[in-house]
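Student:
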Amino acid sequence: MRETAELRSAAQAEIAHLSARLQEAEDTLGAIRNGEVDALLVTGATGPQIYALQGQDAETNRFRGEMLAQVSDAVIAVDHEERIIYLNTAAERLYGFAASEALGRRISSIRQAHWLRPEDEAAATFALREHGEWRGENIHLRNDGTTVYVESGITMLRENPTQPAGMLAVIRDVTERKLNEGQVLVSEIRYRRLFETAHDGILLIDPSSQQIIDANPFMTTMLGYSHAELVGRELFEIGLLNDQAASREMMRTLKRTNHVRYDNLPLESQAGRHQEVEVIANLYDENGRQVIQCNIRDISERRRSEEHIRLLIAEVNHRAKNLLAVVQAVAQQTAKHGDPETLAARLSERIDGLAAGQDLLVKNQWQGVEVSELIMAQLAHFQDLIGTRVLLVGPPARLNAAAAQGIGMALHELTTNAVKYGALSNAEGRVRIGWQVMADELPVFSMSWLEEHGPKVAPPVHKGFGQVVIGRMAEAAVQGTAVIAYNESGLAWTITAAAADTLTPTQDAP
Amino acid sequence: MIAAPPASTDPNALLADASTSEPIHYVLRLYVTGTTPRSMRAISNIRKICEQHLEGCYDLEVIDIGQHPALAEGEQIIAAPTLVKKWPLPLRRFIGDMSQTDRILLGLDLLGASSAASSPRP
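In the order they appear, the protein sequences are chains A and B.
So the first sequence is residues 1 to 510, counted in this note's numbering.
So the second sequence is residues 511 to 632, counted in this note's numbering.
(1) State the Cα-Cα distance for the pair Leu53(A) and Asn34(A), rounded to the nearest angstrom.
(2) Rounded to a whole number of angstroms, what is the C-alpha to C-alpha distance between Arg548(B) and Ala590(B)?
(3) Check for me: the alpha helix (DSSP H) holding Lys336(A) runs from which residue to which?
(4) Which residues in the same chain have their Cβ closer than 6 Å to the Cβ of Pro459(A), if we skip the five residues on either side of it in sequence?
(5) Which residues of chain B have a Cβ atom closer than 7 Å to the Cβ of Arg105(A), listed in chain order?
(6) Go through its chain and collect everything with a Cβ distance to Tyr541(B)'s Cβ below 6 Å, but skip five positions before and after it.
(7) Residues of the segment 532-547 of chain B with a CB closer than 9 Å to any CB of chain A: list them in chain order, please.
(8) When you compare the CB positions of Ala281(A) and Ile299(A), do they come within less than 8 Å of one another, or not?
(9) Which residues in the same chain have their Cβ closer than 6 Å to the Cβ of Thr147(A), if we skip the five residues on either side of it in sequence?
(10) Kindly give me the distance between the Cβ atoms of Ile84(A) and Gly65(A), rounded to whole angstroms, as I take these residues to be in contact under 8 Å.
(11) Strictly below 8 Å CB to CB, what residues from chain A border Asp612(B)?
(12) Rounded to whole angstroms, what is the Cα-Cα separation between Arg613(B) and Asp607(B)?
(13) Could one say the Cβ of Gly606(B) lies closer than 8 Å to chain A's Cβ atoms, at least one of them?
(14) Please classify Gly47(A) as buried or exposed, where buried requires at least 16 neighbouring CB atoms within 10 angstroms.
(15) State buried or exposed for Ile107(A), treating a residue as buried only when at least 16 other CB atoms are found within 10 Å of its CB.
(16) Cα-Cα, which of Pro579(B), Lys595(B), Tyr536(B) is closest to Gly44(A)?
(17) First and last residue of the alpha helix (DSSP H) that includes Asp120(A)?
(18) With burial defined as no fewer than 16 other Cβ atoms inside 10 Å of the residue's Cβ, what is the status of His563(B): buried or exposed?
(19) 8 Å is my cut-off, CB to CB: does Gly566(B) come that close to chain A?
(20) Compare the C-beta of Val594(B) with all C-beta atoms of chain A and state if any pair is closer than 8 Å.
(21) Check Cys567(B) in the structure and name its three-state DSSP category.
(22) Tell me which same chain residues have a C-beta within less than 7 Å of the C-beta of Val536(A), skipping the five on either side of it?
(23) Is Gln467(A) helix, strand or coil when you go by DSSP?
(24) Here's a check: name, in chain order, each residue in its chain whose Cβ is nearer than 6 Å to the Cβ of Glu268(A), leaving out the five neighbours to either side.
(25) Quick one: is Arg603(B) buried, meaning 16 or more other Cβ sit within 10 Å of its Cβ, or exposed?
(26) May I have the straight-line CA-CA distance separating Arg8(A) from Asp27(A), to the nearest angstrom?
(27) Can you say whether Asn264(A) is buried or exposed, counting buried as having 16 or more other CB atoms within 10 angstroms of its CB?
(28) For the segment 24-45 of chain A, which residues have a beta carbon sitting closer than 7 Å to at least one beta carbon of chain B?
(29) Output yes if chain B places a C-beta closer than 8 Å to the C-beta of Tyr149(A); else output no.
(30) Which residues of chain B have a Cβ atom closer than 8 Å to the Cβ of Tyr86(A), listed in chain order?
(31) For Ala404(A), collect the residues of the same chain with a Cβ closer than 8 Å to its Cβ; drop the 5 residues on either side in sequence, then sort them by chain order.
(32) Tell me whether the beta-carbon of Ala90(A) lies closer than 8 Å to the beta-carbon of Ser72(A).
(33) If you run the structure through DSSP and keep just helix, strand and coil, what is Ser108(A)?
(34) Using the DSSP secondary-structure output, state which residues sit across from Tyr149(A) in a beta bridge.
(35) Report the three-state DSSP secondary structure of Ser9(A) (helix, strand or coil).
(36) What number of angstroms, rounded off, separates the C-alpha of Thr175(A) from the C-alpha of Tyr284(A)?
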């Protein structure tokens with residue numbers, strides 16, 4: 001019984017299945033009769049064959065479809081509801097969707113469109129509505145999240161003049177080009193900024209016409225010509241080279257060697273300002289076109305610096321020789337006078353005194369030394385006596401280099417003598433150091449060293465080198481007169497000279 | 511992608527789907543012929559039906575018989591456009607441009623959508 005029931009059930013299922021197949025076959029025949037199918041698929045000896053039922057139209061459509069499938073640009077057609085009705089192989093690749101998945105879906109389900117500028121969307125809508133087509137660039141966001149820059153041409157498809165049937169889009173991936181354009185733009189901004197802010201004049205010249213095609217702002221400042229005035233001129237016309245022949249010669253050399261350099265050319269601005277310039281010109285290839293770049297640097301300041309340095313070196317050399325001559329004289333005189341056993345110590349002290357004055361001059365860049373500053377330097381070991389036993393009285397006055405050297409050495413000798421034999425050798429003695437500038441038709445500078453309350457003074461029996469230093473050497477340094485008086489109450493030394501030969505104008509030390 | 515249909519073709523497996531609250535996932539294939547207007551209409555119409563009645567619960571594949579004749583032959587397709595309902599069983603075929611929405615819905619067992627057992631959505 002159970003087997004019979006199962007057999008009956010299986011038979012019923014088979015009958016239902018066959019009924020459904022029969023119904024399908026009837027539906028198919030009905031559809032064919034009613035013209036609801038495009039093609040029939042018939043299995044023959046060589047495999048399945050497709051028979052189109054729409055004749056010429058179907059064949060044309062098939063041909064068009066095959067053509068579009070081979071186009072390298074993505075081609076997508078959508079109906080009036082923006083459902084995809086066609087996409088070619090390139091579109092499948094571009095958006096990562098197989099046609100079998102994408103057909104019938106809304107276009108927005110396979111990609112989102114972003115506009116480069118907010119106003120582009122309205123412009124595209126207007127163009128499609130008014131002209132039936134739009135061409136432009138925008139960004140497509142794919143379903144995998146990646147973006148692609150595209151250049152699209154969209155055409156409205158119409159069933160009749162008033163009824164839109166859909167749109168056909170031809171889309172080209174221009175991502176690489178856009179990225180390159182972005183890099184080119186960055187490069188353009190970067191190098192234009194260099195060109196426009198450079199503190200060298202830069203000219204770009206067309207080698208064939210030899211005329212200026214561009215000039216940076218600094219060039220217009222150097223020459224006093226506007227940009228418009230420079231463009232179209234040749235180099236000799238802006239005063240850079242003497243004449244047309246020189247200009248042409250430079251061009252010939254450039255074409256032969258690709259490089260020309262002039263270390264020192266005179267250049268006059270439109271206003272007549274003379275400048276010395278260095279010119280470096282190179283011939284470059286600019287994407288198949290040759291161009292000359294001329295870098296022009298104003299070297300006037302550099303020339304002045306070089307001249308200044310040359311003068312300084314000569315001056316230093318001169319002063320070094322002078323100093324060595326003084327040291328030589330001091331050494332000879334120190335050796336000639338006094339005890340040979342103390343020669344080294346005395347020579348060392350004198351050179352120290354000379355060095356103290358030298359240090360001050362160097363500190364003041366050889367622009368002279370204040371008298372008070374010179375005294376303090378020479379009495380550096382007796383700083384605590386200044387103001388008590390050593391009194392300084394005098395106005396601000398700046399000795400020139402020669403006077404500072406001579407008077408400095410004299411002060412050193414006077415101090416050494418006072419410490420050994422004079423007013424600073426006992427507990428009561430004092431030294432008054434005074435100086436003044438006496439106004440006259442020819443102003444006179446005088447300086448004195450007066451000792452008092454020291455041991456009784458007697459004139460020296462032998463004339464030592466110290467007396468030479470405070471006498472003849474000091475006089476020679478200031479071209480003046482030195483007077484030495486061995487008063488019983490103390491040594492008195494004065495020196496007098498024309499202020500013009502002794503002083504430099506008073507100024508603040510740098 | 512979408513979940514594959516159950517490996518079994520036993521119609522009884524349907525009972526399992528019907529007895530749970532999980533929506534039935536439809537697997538459909540539409541065979542067309544290139545870019546003819548009827549093919550375009552068929553694609554557009556079946557997509558609309560799916561989006562309105564099977565949203566999120568279907569997998570529709572559009573196949574050009576010109577590109578894949580062997581696939582069509584294996585599916586016993588004799589005319590295009592033809593829609594094949596591969597899942598849920600029983601397998602059904604529909605011929606034409608899919609504009610007869612009621613007939614399609616009936617064939618897909620979607621007209622009684624209020625029925626919890628056959629509704630693709632809870």
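All C-beta atoms in this analysis are idealised placements derived from N, C-alpha and C, irrespective of residue type, glycine included.
Tutor: Checking against the coordinates, here is how it stands:
(1) Their backbone Cα atoms lie some 12 Å apart in a straight line.
(2) Whole-angstrom Cα-Cα distance: 9 Å.
(3) Lys336(A) -> alpha helix (DSSP H) spans 300-336.
(4) Result list for Pro459(A): Tyr486, in chain order.
(5) For Arg105(A), the chain B residues whose Cβ falls inside 7 Å of its Cβ are Arg557, in order along the chain.
(6) Correct list, in chain order: Ile573, Ile575, Ala582, Ile587, Ala590, Thr592.
(7) Against chain A - using a Cβ distance shorter than 9 Å - the residues of the segment 532-547 of chain B are Arg539, Leu540, Tyr541, Val542, Thr543, Gly544, Thr545, Thr546, Pro547.
(8) Not in contact: Ala281(A) and Ile299(A) (Cβ atoms no closer than 8 Å).
(9) Cβ neighbours of Thr147(A) beyond the five flanking positions: Ile139, Leu141.
(10) Between Ile84(A) and Gly65(A), the beta carbon gap of about 14 Å keeps them out of contact (Cβ cut-off 8 Å).
(11) Residues of chain A passing the Cβ test: none, with the nearest at roughly 15 Å.
(12) Looking at the two C-alpha atoms, the distance is approximately 12 Å.
(13) Yes, Gly606(B) counts as interfacial toward chain A.
(14) Gly47(A) comes out exposed.
(15) It is buried - the Cβ of Ile107(A) has at least 16 other Cβ atoms within 10 Å.
(16) It is Pro579(B) whose Cα lies nearest to the Cα of Gly44(A).
(17) Element bounds for Asp120(A): 118-131.
(18) Taking a 10 Å sphere around the C-beta of His563(B), we find 16 or more other C-beta atoms and assign the residue as buried.
(19) Judged by the 8 Å Cβ criterion, Gly566(B) is not in contact with chain A.
(20) No, Val594(B) does not count as interfacial toward chain A.
(21) Annotated three-state conformation of Cys567(B) is coil, per DSSP.
(22) One cannot answer for residue 536(A) here, as it falls past the ends of chain A, which runs 1 to 510.
(23) DSSP places Gln467(A) in the helix class (H, G or I) of the three-state scheme.
(24) Only Gly239, His274 meet the Cβ criterion.
(25) So Arg603(B) ends up on the buried side.
(26) Computed Cα separation, rounded: 28 Å.
(27) So Asn264(A) counts as exposed.
(28) Taking 7 Å as the Cβ-Cβ cut-off against chain B, the residues of the segment 24-45 of chain A that qualify are Glu24, Asp27, Thr28, Ala31, Ile32, Glu36, Val37, Asp38, Ala39, Leu40, Leu41, Thr43.
(29) Chain B contact via Cβ: absent.
(30) Result: Thr545, Met550.
(31) Taken in chain order, the residues that qualify are Gly357, Leu360, Leu361, Gly368, Val369, Leu374.
(32) The Cβ atoms of Ala90(A) and Ser72(A) sit closer than 8 Å to each other.
(33) Ser108(A): helix per DSSP, three-state reduction.
(34) Secondary-structure assignment with DSSP links Tyr149(A) through a beta bridge to Ile139(A).
(35) Helix, per DSSP.
(36) Using only the alpha carbons, I get a separation of about 31 Å.
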